[in-house]
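In this note's numbering, the protein residues as written are 9 to 190.
Here it is, written out as structure tokens:
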């Protein structure tokens with residue numbers, strides 16, 4: 009009788025473990041890509057101090073999945089815009105590029121209904137990487153490169169429909185506040 013009782017206890021313990029584990033799995037939520045209007049605006053600080061003209065500014069908006077974040081964080085901005093970067097070339101299908109110049113200095117927006125969001129959803133995108141290149145950017149040696157910015161793109165982080173990104177001489181800034189964590 010002792011062995012029978014012991015077997016029943018073991019079976020009950022295994023079943024309880026399975027139920028607890030399945031309950032925990034059911035409680036986890038998968039991060040969901042949000043669709044936002046992404047407005048990119050060049051700031052006056054990017055203008056040449058002598059001529060007052062806006063130089064050519066190139067901006068890549070790259071949708072990145074969770075397992076690619078470290079790779080894109082390590083990507084050199086200078087290498088990215090070198091013209092010979094294999095990673096940038098391979099990312100074309102999930103990248104939107106904006107170009108600003110003296111003749112085209114108005115803000116540009118990637119609309120929330122842009123077809124690239126469908127590509128990002130299929131790829132499991134959770135983060136947006138912004139890479140920006142202009143000769144008037146000031147880069148601080150030894151610190152983080154302000155010409156590269158990553159922001160979360162999941163619905164748990166934003167309570168807005170539009171995210172404003174500003175290109176300043178010191179780098180790319182997100183001017184929109186994220187959701188306050190309670």
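Using N, Cα and C, we set each Cβ at its ideal position, and we do this for glycine too.
Owing to the predicted nature of the structure, the values given are computational and were not obtained by experimental measurement.
Test item: CB-CB of residue i and residue j under 8 Å
i           : j           : result
residue 157 : residue 50  : no
residue 45  : residue 170 : yes
residue 186 : residue 42  : no
residue 141 : residue 66  : yes
residue 62  : residue 108 : yes
residue 39  : residue 134 : yes
residue 147 : residue 155 : yes
Alpha helix (DSSP H) segment containing residue i, residue limits
i           : result
residue 68  : No alpha helix (DSSP H) contains residue 68, which is instead part of the beta strand (DSSP E) from 65-73.
residue 48  : No alpha helix (DSSP H) holds residue 48; the beta strand (DSSP E) holding it covers 45-50.
residue 96  : 94-98
residue 172 : Per DSSP, residue 172 belongs to no alpha helix (DSSP H); it is in the beta strand (DSSP E), 170-176.
residue 81  : 77-82
Residues near residue i in its chain [Cβ-Cβ closer than 6 Å; skip 5 each side]
i           : result
residue 91  : none
residue 88  : 96 and 139
residue 79  : none
residue 93  : 87
residue 110 : 61 and 62
residue 159 : 136 and 182
Contact with chain B by residue i, beta-carbon distance below 8 Å
i           : result
residue 104 : Among the protein chains of the structure shown there is no chain B, as only one such chain exists.
Rounded distance between the beta-carbons of residue j and residue i, thought under 8 Å
i           : j           : result
residue 4   : residue 179 : Only positions 9 to 190 of the chain appear in this structure, which leaves residue 4 out of reach.
residue 103 : residue 68  : 5 Å
Contacts around residue i, its chain only, beta-carbon distance under 7 Å, and the 5 residues preceding and following it disregarded
i           : result
residue 115 : 47, 48 and 49
residue 128 : 41, 71 and 102
residue 56  : 63 and 144
residue 33  : Any reading at residue 33 must be qualified, since the residue scores a pLDDT of 46, below 50, and its modelled position is unreliable; no value is offered.
residue 177 : 53, 54, 144, 145 and 146
Residue span of the beta strand (DSSP E) that contains residue i, given as start and end
i           : result
residue 185 : Taken as a continuous stretch (DSSP letters only), residue 185 belongs to no beta strand (DSSP E), as it is neither H nor E.
Neighbourhood of residue i by C-beta distance below 8 Å, restricted to the same chain and skipping five residues each side
i           : result
residue 121 : 43
residue 172 : 47, 49, 182, 183 and 184
Quiz item: Does the stretch 55-75 touch the stretch 94-104, meaning 3 or more C-beta pairs lie closer than 8 Å?
Solution: Remark: three or more beta-carbon pairs, one from each stretch, lie closer than 8 Å, so the stretch 94-104 and the stretch 55-75 are flagged as touching.
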